[in-house]
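Trainee: One structure, pasted below without further comment.
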Amino acid sequence: MKRIKKKRPKIISRDEFKTFMTPSCVPIKLEKDAIPKFLTGLTKNKKCEVYASGYKGPPYPLRNYDPNYSGFRVGGIELYRDARMEHEPFEFNVDSYGIIHDQTTSNNMIITGPEKPVHHWTNKIASRLQNVEKYLFKYPNCPRCGSKLIQSDIFCDKCNWKKY
Numbered sequence: 015m016k017r018i019k020k021k022r023p024k025i026i027s028r029d030e031f032k033t034f035m036t037p038s039c040v041p042i043k044l045e046k047d048a049i050p051k052f053l054t055g056l057t058k059n060k061k062c063e064v065y066a067s068g069y070k071g072p073p074y075p076l077r078n079y080d081p082n083y084s085g086f087r088v089g090g091i092e093l094y095r096d097a098r099m100e101h102e103p104f105e106f107n108v109d110s111y112g113i114i115h116d117q118t119t120s121n122n123m124i125i126t127g128p129e130k131p132v133h134h135w136t137n138k139i140a141s142r143l144q145n146v147e148k149y150l151f152k153y154p155n156c157p158r159c160g161s162k163l164i165q166s167d168i169f170c171d172k173c174n175w176k177k178y
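Here the sequence shown stands for residues 15 to 178, numbered as in the numbering used here.
So this is what it looks like as structure tokens:
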């Protein structure tokens with residue numbers, strides 16, 4: 015009987031997750047330096063699009079508790095890879111990653127996956143991800159004064175600009 019090896023979850027720091035945290039869990043597109051380090055190997059050699067969203071918290075909605083990891087599911091990442099050269103007749107191959115707040119330490123997030131969503135092979139990017147904001151840097155600049163913004167703050171300390 016062949017033994018199936020279970021994938022171990024990846025750990026990322028909370029600082030890397032801050033890039034795409036918002037109070038309303040709005041999805042954004044991550045490009046260049048905004049892409050989490052654990053995905054850079056997957057996105058380096060293939061044309062990919064990375065979308066992410068996450069709740070600013072705690073507290074997190076109780077419905078998001080994941081007993082498998084003893085933590086709260088606080089976000090997710092979808093990776094759309096160019097699949098036109100694959101054996102399947104589709105444009106994209108999609109993998110999903112869950113993000114769970116590690117209850118043992120407040121500084122880490124647990125990344126689960128990759129999981130194959132229902133739309134693993136698809137010809138289009140999901141409509142909820144169309145026309146979303148793009149982040150090119152881990153900490154974007156304020157559109158008003160140009161100073162660095164930390165996404166979890168969603169406002170500028172320098173000029174009082176507010177995102178929402």
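For glycine and all other residues, C-beta sits at the position ideal for the given N, C-alpha and C.
From a predicted model like this one, the values you see are computed outputs, not experimental measurements.
Taking buried to mean at least 16 other C-beta atoms within 10 Å of its own C-beta, is Ile25 buried or exposed?
Mentor: Numbered from 1 along the sequence shown, position 11 holds the residue referred to as residue 25. That one is exposed.
Trainee: Short of 6 Å in beta carbon distance, which residues of its chain neighbour Asn137, apart from the five on each side in sequence? Order them along the chain.
Mentor: The residue given as residue 137 occupies position 123 in the sequence shown. Cβ neighbours of Asn137 beyond the five flanking positions: Phe104 and Glu105.
Trainee: Is His134 closer than 8 Å to Ala140 when the C-beta atoms are compared?
Mentor: In the sequence shown, residue 140 corresponds to position 126, counting from 1. In the sequence shown, residue 134 corresponds to position 120, counting from 1. Not a contact, by the Cβ cut-off of 8 Å.
Trainee: Does the beta-carbon of Met101 have 16 or more other beta-carbons within 10 angstroms, so that it is buried, or is it exposed?
Mentor: Along the sequence shown, one-based indexing puts residue 101 at 87. Residue 101 is actually His in this sequence, not Met. Flag for His101 reads exposed.
Trainee: From the DSSP output, which residues share a beta bridge with Val108?
Mentor: By 1-based counting over the sequence shown, the position of residue 108 is 94. Paired residues: Tyr94.
Trainee: Below 8 Å between beta carbons: does that hold for Pro37 and Arg142?
Mentor: If you number the sequence shown from 1, residue 37 lands on position 23. If you number the sequence shown from 1, residue 142 lands on position 128. Going by C-beta atoms, Pro37 is not nearer than 8 Å to Arg142.
Trainee: Return the CA-CA distance between Lys130 and Tyr65, expressed in angstroms with no decimal places.
Mentor: Working through the sequence shown from its first residue, we reach residue 130 at position 116. Working through the sequence shown from its first residue, we reach residue 65 at position 51. Taking the straight line from one Cα to the other gives about 15 Å.
Trainee: Relative to the C-alpha of Ile91, which candidate in Pro81, Thr33, Lys58 and Arg98 has its C-alpha closest?
Mentor: Numbered from its first residue, the sequence shown carries residue 91 at position 77. Ranking Pro81, Thr33, Lys58 and Arg98 by Cα distance to Ile91 puts Thr33 first.
Trainee: Measure the C-alpha to C-alpha separation of Trp175 and Ser161 and round it to an integer number of angstroms.
Mentor: On the sequence shown, position 161 is the one that residue 175 refers to. On the sequence shown, position 147 is the one that residue 161 refers to. Distance between the alpha carbons of Trp175 and Ser161: 11 Å.
Trainee: Can you give me the C-alpha to C-alpha distance between Glu63 and Ile113, rounded to a whole angstrom?
Mentor: On the sequence shown, position 49 is the one that residue 63 refers to. On the sequence shown, position 99 is the one that residue 113 refers to. So the alpha carbons of these two residues sit roughly 18 Å apart.
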